[in-house]
Amino acid sequence: MTFKLATWNINSVRLRIGIVEDFLKSHEPDVLCLQEIKCQNDQFPAKEFRKLGYEHIAVHGQKGYHGVATVSRRPLSDAESTDYCKMGDTRHLATTLTAGGKQLRVHNFYVPAGGDEPDPKKNPKFGHKLRFLDEMRALSANGSGMENILVGDLNIAPHENDVWSHKQLLKVVSHTPQETELLDQIRDEGGWSDLVREKIPLQETLFTWWSYRARDWDISNRGRRLDHIWSAPELTAALSDISILREARGWEKPSDHVPVMATFELD
DNA sequence: ATGACGGATCTAATCCGA
Numbered sequence: 012m013t014f015k016l017a018t019w020n021i022n023s024v025r026l027r028i029g030i031v032e033d034f035l036k037s038h039e040p041d042v043l044c045l046q047e048i049k050c051q052n053d054q055f056p057a058k059e060f061r062k063l064g065y066e067h068i069a070v071h072g073q074k075g076y077h078g079v080a081t082v083s084r085r086p087l088s089d090a091e092s093t094d095y096c097k098m099g100d101t102r103h104l105a106t107t108l109t110a111g112g113k114q115l116r117v118h119n120f121y122v123p124a125g126g127d128e129p130d131p132k133k134n135p136k137f138g139h140k141l142r143f144l145d146e147m148r149a150l151s152a153n154g155s156g157m158e159n160i161l162v163g164d165l166n167i168a169p170h171e172n173d174v175w176s177h178k179q180l181l182k183v184v185s186h187t188p189q190e191t192e193l194l195d196q197i198r199d200e201g202g203w204s205d206l207v208r209e210k211i212p213l214q215e216t217l218f219t220w221w222s223y224r225a226r227d228w229d230i231s232n233r234g235r236r237l238d239h240i241w242s243a244p245e246l247t248a249a250l251s252d253i254s255i256l257r258e259a260r261g262w263e264k265p266s267d268h269v270p271v272m273a274t275f276e277l278d
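Count along the first sequence from 1, add 11, and you get the number used in this note's numbering.
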């Protein structure tokens with residue numbers, strides 16, 4: 012069977028439910044992980060998802076900011092969120108589902124952006140980001156007797172060709188060596204594979220986010236690859252397709268992030 | 001200058017994103 016997973020920082024799910032519906036109709040993922048839903052649990056537009064067959068919904072939201080949700084055509088169980096850094100904010104949601112005889116544990120993350128100044132002594136937001144990442148080390152691809160998947164807006168563009176200018180972004184939060192080295196460590200020590208880079212060579216420049224502030228995002232094309240899908244090695248072997256839906260940045264009233272999708276052939 | 005836009009909120013000016 013084919014199993015398709017998507018992740019998308021939607022930047023307000025209520026405002027953009029229309030383009031989310033369009034996306035689900037055209038691309039039909041089995042599971043969609045959303046970040047920055049920017050609403051409380053009872054404000055989540057569950058009815059619209061159910062109408063399209065996404066009857067299994069786990070939401071971990073708060074008022075105004077942050078918030079993650081996982082919607083699925085297959086039953087979800089054991090929804091659980093870890094309060095990283097004990098800040099009480101809504102940045103993680105784990106759910107379990109079955110596909111092709113496999114138990115998949117999906118960890119949906121919205122890692123702190125980290126503010127402007129890449130110095131934890133001057134900027135508490137950057138300190139928070141580093142501590143959050145440090146706590147993510149505890150999550151391993153091989154734990155808990157399931158196939159683990161880690162997705163979301165990790166707010167780090169790890170490789171030189173994950174940003175429009177490596178040199179110019181070395182001191183910009185999201186691409187500082189301190190962050191990229193930490194993310195590489197989390198990935199390697201946890202036994203995770205970066206699925207986009209499993210399929211697409213490092214020489215190829217890839218972005219999933221383009222700032223709203225550019226006059227023309229498409230022409231200037233100054234993006235970063237901040238959104239990721241990682242998995243356990245067994246799933247990496249089953250990966251049949253990966254894609255970044257760049258065109259979604261050009262839709263009406265777009266999110267500044269676009270969907271990333273992975274397709275697996277399971278049993 | 002990378003880049004001044006876009007979302008949510010105690011609808012006005014402020015916080016936040018990356």
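Ideal Cβ positions, reconstructed from N, Cα and C, are used throughout, including at glycine.
Because the structure is a prediction, the values reported are computed rather than measured.
- Per the coordinates, the alpha-carbon of V70 lies some 14 Å from the alpha-carbon of I21.
- Beta-bridge partners of W228 (DSSP): none assigned.
- Under DSSP, F14 takes part in a beta bridge, and its partners are F275.
- Non-local C-beta neighbours of Q51 in its own chain, meaning closer than 6 Å and more than five positions away in sequence, comprise G72 and K74, ordered along the chain.
- Spatial neighbours of G202 in its own chain (CB-CB distance under 8 Å, excluding positions within 5 residues in sequence) are listed in chain order as S151, A152, N153, A243 and P244.
- Contact holds between the stretch 140–147 and the stretch 189–199, because three or more Cβ pairs, one in each stretch, are under 8 Å apart.
- By the criterion of a C-beta distance shorter than 6 Å, A90 is surrounded in its chain by A69 and T106, once the five residues flanking it on both sides are discounted.
- By the criterion of a C-beta distance shorter than 7 Å, A168 is surrounded in its chain by V174, S185, H186, R235, R236 and L237, once the five residues flanking it on both sides are discounted.
- Per DSSP, G202 lies in no beta strand (DSSP E) and is assigned neither H nor E.
- In this structure the stretch 129–141 does not touch the stretch 216–226; the number of beta carbon pairs closer than 8 Å is below three.
- In the DSSP assignment, D33 falls within the alpha helix (DSSP H) that extends over I28 to H38.
- Counting C-beta atoms within 10 angstroms of its own C-beta, G261 has fewer than 16 neighbours from the protein chains shown and is therefore classed as exposed.
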